[in-house]
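See below for the structure under consideration.
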Amino acid sequence: MVVFSLVSVPEVASAYTPTEEDKEYIEWILDNSVRGQVYGDLILDALNDADFDDLEMWYGKEYDFYKESLEEIEQFDVSPELQPIKNEYKLALQDLKQASYYGERWAKYLDSDDADKSISYRESGIEHMKKTIALSEEFLSEFTTPSPTTEETPTPVVTPSLIPQVEKDSDGDGVPNEYDYAPNDPNVQTKEDIKTPGFGAIFAIGSLLAVAYLVLRRKR
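Using my numbering, read the sequence shown as starting at 151 and increasing by one per residue.
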């Protein structure tokens with residue numbers, strides 16, 4: 151899932167005080183990005199199964215979601231400090247909406263031109279997402295102050311474990327490999343156990359693009 155670090159700011163510098171509108175926008179972007187991840191996962195599942203009926207359906211629903219998101223984002227009148235982040239996220243939503251539009255056409259008509267356009271728009275959307283991350287990090291460094299520390303703690307010395315790590319087959323395919331959720335983590339056996347920091351959607355969308363190319367080649 152997608153998690154923005156803006157909500158975990160310990161202290162805010164006196165130069166900037168978030169408004170109620172700012173707080174509502176941050177809550178919205180958190181919820182919006184998580185919901186967008188859900189559609190990405192469903193599209194990826196349909197691509198993996200080469201189920202073009204489901205693919206057309208989920209691309210269509212994703213399109214409606216991003217269209218609605220673009221209407222919702224305009225309702226927030228954020229502070230100048232947050233405006234660049236809002237602008238960049240809006241650009242990402244616009245590109246992802248177009249990616250959904252052409253993805254739905256591709257799933258329906260199997261036209262390689264539509265597939266290429268969908269992939270191009272999604273890649274552009276990813277770049278805008280990355281820039282949103284960079285702007286968020288810049289915002290944090292400029293307008294927030296770290297929590298004061300009362301004492302310095304020594305850095306623990308890590309000693310190599312004598313217990314061999316056991317690879318876990320968390321995706322249930324019978325083969326413990328890099329495609330498992332966490333091959334060497336006994337605490338992660340299902341997707342629900344995963345705690346994903348930052349923009350996990352970027353990597354999920356990257357996988358989606360790779361599968362899209364694979365399915366497209368098979369259909370040519």
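Built from N, CA and C at the ideal position, the CB exists for glycine as well.
Please go through the same chain and pick out, in chain order, the residues whose beta-carbon is closer than 6 Å to the beta-carbon of residue i, but skip the five residues on each side of it.
i	result
Leu364	Reliability fails at Leu364, whose pLDDT of 44 lies under 50, so the model's placement of it is uncertain and the value that follows must be treated cautiously. No residues qualify anywhere along the chain.
Lys236	Val228
Following the continuous alpha helix (DSSP H) through residue i, name the residue where it begins and the one where it ends.
i	result
Asp245	233 to 259
Glu206	202 to 223
Tyr189	170 to 199
Does the Cβ of residue i have 16 or more other Cβ atoms within 10 Å, making it buried, or fewer, making it exposed?
i	result
Phe182	The question names Phe, yet the displayed sequence has Asn at residue 182. Buried, by the Cβ-count rule.
Tyr251	buried
Glu342	Low confidence applies here, because Glu342 scores a pLDDT of 48, under 50, leaving its location unreliable and the question unanswered by this model.
Tyr259	exposed
Ser219	buried
Ala200	exposed
Ile313	Here Ile313 scores only 30 on pLDDT, less than 50, and its place in the model is too uncertain to base an answer on.
Closest to residue i by C-alpha separation, out of the options, would be which residue?
i	options	result
Tyr189	Tyr175, His278, Asp204	Asp204
Leu194	Trp208, Val184, Arg185	Trp208
Arg185	Asp199, Asn237, Leu197, Lys211	Lys211
Asp172	Pro234, Ala196, Glu218, Glu221	Pro234
Glu222	Arg272, Leu290, Glu177	Glu177
Phe226	Ile283, Ile179, Ala284	Ile179
Gln244	Ser274, Gln187, Glu288	Ser274
Arg272	Gly253, Asp263, Phe202	Gly253
Glu174	Gln187, Glu287, Glu224	Glu224
Asp261	Phe202, Leu290, Asn198, Gln187	Phe202
With a threshold of 8 Å on Cβ separation, who are the neighbours of residue i within its own chain once the five nearest residues in sequence on each side are excluded?
i	result
Thr169	Val228, Ser229
Glu238	His278, Lys281, Thr282, Leu285
Please list, in chain order, all residues of the same chain as residue i whose beta carbon is under 7 Å from its beta carbon, the five residues on each side excluded.
i	result
Lys247	Tyr213, Tyr216, Lys217, Leu220
Ala249	Ser268, Tyr271, Arg272, Gly275
Glu405	Outside the shown range of the chain (151 to 370) lies residue 405, about which nothing can therefore be said.
Asp263	none
Leu192	Trp208
Ala242	Gly275, His278, Met279, Thr282
Ala196	Asp204, Leu205, Trp208
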